[in-house]
Amino acid sequence: MLWAIISDIHANIEALDAVLRDVERRGVDQILCLGDVVGYGPQPREALIRAFEWEISLRGNHEEAVLFYAEDFNERARIALDWTRDQLNRRDYPPEENSRMWEFLDGMPESHQVESALLVHGSPRNPVREYMLPRDARDETKMSEVFAGVPGKFCFVGHSHVPGVYTQNNTFLAPGRVPEGLEPDGKVVVNVGSVGQPRDGDPRSCYCTWDGDRVWFHRVEYDFRVTQRKIVETGVLPQYLAKRLAEGR
Ligand code: ZN
């Protein structure tokens, strides 16, 4: 069995379709999504329709905010969330399609276990909202609590959009330092990076494959200029959200 683990698509269809083509080419059996299918990007409806087909889609903080509240979001994220909500309520689409999207959002679980892997959007301590960032690797209290929440060998997370591997001996390995098909000795927390809004300085989409024992990171190029144009054409989404796609931050 080979799984693709993807996260933080953020309504970026050009990035998502490029990743899905790569996933197909690698003979992946199932797609597991760690959340934030929507938010920031210009095509939330199209992203959700693709997510209907996947094995699992967890609830990210952007799904939570679209459903319930957004008060701890910054201005740019909040504008994008209000716009996203309007898109999912559009009256020029069949009402059944709108309800299916809302029901799907509402049904997204906060965590999921697949064989030896715990899947969450944020962290095992706070599955929807806590960030795992490279500097946390040296925070022994945080890391020991995080690993205490990992029942098996693997925990896959997203949310920070910064891919890499956190090990139990307080190190963080960026994908460039992770061997192909990493087979860890102890427990690991793997941040799979972001499909639709990478923030590690590399604008290419990022995701992982996993065979139950080994992990691979993949980077996929896509035409972010098309997505940038779509963001600008909404007339509502902040320009900054287009700009950052080119910079990968
Ligand atoms: Zn995100």
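Its first residue numbered 108, the sequence shown is counted upward by one per residue in the numbering used here.
We put the CB at the ideal spot given by N, CA and C, even for glycine.
For H268, which of helix, strand or coil comes out of DSSP? coil
Is the beta carbon of D179 within less than 6 Å of some heavy atom of the ligand ZN? no
For I138, the nearest candidate out of F211, C315, P202 and G146 (CA to CA): C315
R284: which of W323, R132 and N119 sits nearest, CA to CA? Restricting attention to W323, R132 and N119, the CA atom closest to the CA of R284 is found in W323.
Is the CB of A158 under 7 Å away from at least one CB in chain C? In the structure shown, chain C cannot be found, because there is only a single protein chain.
Express the C-alpha separation of E182 and V130 in angstroms, rounding to a whole number. So the alpha carbons of these two residues sit roughly 34 Å apart.
By how many angstroms is the C-alpha of Q304 removed from the C-alpha of Y273? 21 Å
Excluding the five sequence neighbours on either side, which residues of its own chain have a C-beta within less than 7 Å of the C-beta of G293, listed in chain order? T274 and Q275
Rounded straight-line distance, which links the Cα of P149 to that of V333: Here the alpha carbon of V333 sits roughly 11 Å from the alpha carbon of P149.
May I ask you to check if the CB of D143 is nearer than 6 Å to at least one heavy atom of the ligand ZN? Checking every heavy atom of the ligand ZN against the Cβ of D143, one is found closer than 6 Å.
For V327, which residues of its own chain have a beta-carbon under 7 Å away from its beta-carbon, when the five flanking residues on both sides are left out? So the qualifying residues of the chain are A125, V126, D129, R311 and S312.
Using 8 Å for Cβ pairs, my map puts H268 next to R306. What's the rounded Cβ distance? 4 Å
For V343, I'd like the list of residues in its chain whose CB is within less than 8 Å of its CB, leaving aside the five on either flank, ordered along the chain. Same-chain partners within the cutoff: I186 and W190.
Residues bridged to R132 [DSSP beta-bridge criterion]: DSSP output for R132 lists no bridge partner at all.
Can you list the alpha helix (DSSP H) stretches of 4 or more residues lying completely in the segment 185-214, in chain order? 202-214
May I ask you to report which of helix, strand or coil DSSP gives H228? coil
What separation, rounded to the nearest whole angstrom, lies between the Cα atoms of N119 and L188? 14 Å
The ligand ZN and D115: does the residue's C-beta get closer than 6 Å to at least one heavy atom of that ligand? yes
Provide the residue span of the alpha helix (DSSP H) that contains Y347, from first to last. Q346 to E354
Within the segment 238-266, note down every full beta strand (DSSP E) run reaching 3 residues or more, in order along the chain. 261-264
Distance, Cα to Cα, K260 vs R152? Answer to the nearest angstrom: the Cα atoms are 35 Å apart.
Identify whether Q220 lies in helix, strand or coil by the three-state DSSP scheme. strand
State the CB to CB distance for the pair S301 and D115, rounded to an integer number of angstroms; the pair is presumed to be in contact (CB under 8 Å). At roughly 4 Å, the Cβ-Cβ gap stays under 8 Å, so S301 and D115 are in contact.
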